[in-house]
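Residue numbers (full-length UniProt numbering): 1 to 182. Glycine included, each C-beta is placed from N, C-alpha and C at the ideal position. Report on the structure given below.
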Amino acid sequence: MTFLTHPRAFSAAEFKAYVSTLKWAGGWRPQFVTLHNTGAPNLAQWARLGAGREGGAKRVRNLNAYYKGLGWHSGPHLFVAPDFIWLACDLEQDGVHASCFNKISIGVEMVGDFSTEAFDSGDGAKVRYNAVAAIAALCGVLKLDPATLRFHRECKRDHHDCPGARVDKPDFIARLKTALAA
Ligand SMILES: [Zn+2]
Numbered sequence: 001m002t003f004l005t006h007p008r009a010f011s012a013a014e015f016k017a018y019v020s021t022l023k024w025a026g027g028w029r030p031q032f033v034t035l036h037n038t039g040a041p042n043l044a045q046w047a048r049l050g051a052g053r054e055g056g057a058k059r060v061r062n063l064n065a066y067y068k069g070l071g072w073h074s075g076p077h078l079f080v081a082p083d084f085i086w087l088a089c090d091l092e093q094d095g096v097h098a099s100c101f102n103k104i105s106i107g108v109e110m111v112g113d114f115s116t117e118a119f120d121s122g123d124g125a126k127v128r129y130n131a132v133a134a135i136a137a138l139c140g141v142l143k144l145d146p147a148t149l150r151f152h153r154e155c156k157r158d159h160h161d162c163p164g165a166r167v168d169k170p171d172f173i174a175r176l177k178t179a180l181a182a
């Protein structure tokens, strides 16, 4: 089962504890994390329809159903919202999120459209905080250098400017290093 029937909501601390229980014993061992933003829903849409445990679970189930409907065997692993880190698909199996990197990376979707929405204040800053915490936890347990992080837009053949230009890669990696060192 790759798509979770019941998506799970974690705080940053809960997520760190959860990933420490994973083994990646099935043969798939991710080599880095690929970072995305959802674009649609953006933060404003998520605040109306995706906030809280019930709203978020419903949204993530809908996203999973959409990807399943496309015939995909899995989707992005995580959706990072202002309030929770949502586990959408099994982290111990490969996902579908960036054609260049699916077989070798974990897909993390940040809720928002960071070509237009702020990433350094309000809900955007909360998403940034949770995304840094989630990816730092994954780097810790998988023993990955934060500098291995890739953005979806680095997969040129997908022609997808993702995450938006307000997400600065050197800044994000510096935050990961700080979080990992803490
Ligand atoms: Zn993307």
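- Item | Under the three-state DSSP convention, the category Glu-109 falls into | strand
- Helix, strand or coil: which one does DSSP assign to Val-96? coil
- Query: Sorted by chain position, which residues of the same chain lie with C-beta nearer than 6 Å to Lys-16's C-beta, five sequence neighbours on each side aside?
  - Reply: Ala-137
- Task: Please find out if some non-hydrogen atom of ligand 1 comes closer than 7 Å to the beta-carbon of Ala-57.
- Result: no
- Inspect the beta-carbon positions of Ile-85 and Ala-147 and report whether they are closer than 8 Å. no
- Query: In the DSSP assignment, what are the bridge partners of Ile-85?
  - Reply: Phe-10 and Val-80
- In the DSSP assignment, find the alpha helix (DSSP H) that holds Leu-35 and state where it starts and stops. Run containing Leu-35: none in the alpha helix (DSSP H); it sits in the beta strand (DSSP E), 32-37.
- Message: How far does the alpha helix (DSSP H) with Trp-46 in it extend, from its first residue to its last?
- Response: 43-49
- Message: By alpha-carbon positions, which one of Arg-8, Asn-64 and Ser-115 ends up nearest to His-36?
- Response: Ser-115
- Task: Flag this pair as yes or no: are the beta carbons of Val-96 and Tyr-66 separated by less than 8 Å?
- Result: no
- Could you tell me the distance, in whole angstroms, from the CA atom of Asp-123 to the CA atom of Pro-82? 5 Å
- Message: Check whether the stretch 44-54 and the stretch 151-164 are in contact - that is, three or more C-beta pairs closer than 8 Å.
- Response: no
- Is Thr-116 helix, strand or coil when you go by DSSP? coil
- Item | Range covered by the alpha helix (DSSP H) that runs through Glu-54 | 52-69
- Does the distance from the CB of Gly-75 to the CB of Asn-64 come in under 8 Å? yes
- Query: Sorted by chain position, which residues of the same chain lie with C-beta nearer than 6 Å to Ile-104's C-beta, five sequence neighbours on each side aside?
  - Reply: Gln-31
- Query: Going by alpha carbons, who is nearest to Thr-178 out of Lys-58, Ala-40 and Gly-140?
  - Reply: Gly-140
- Task: Determine, using beta carbons only, whether Ala-9 and Arg-59 come nearer to each other than 8 Å.
- Result: no
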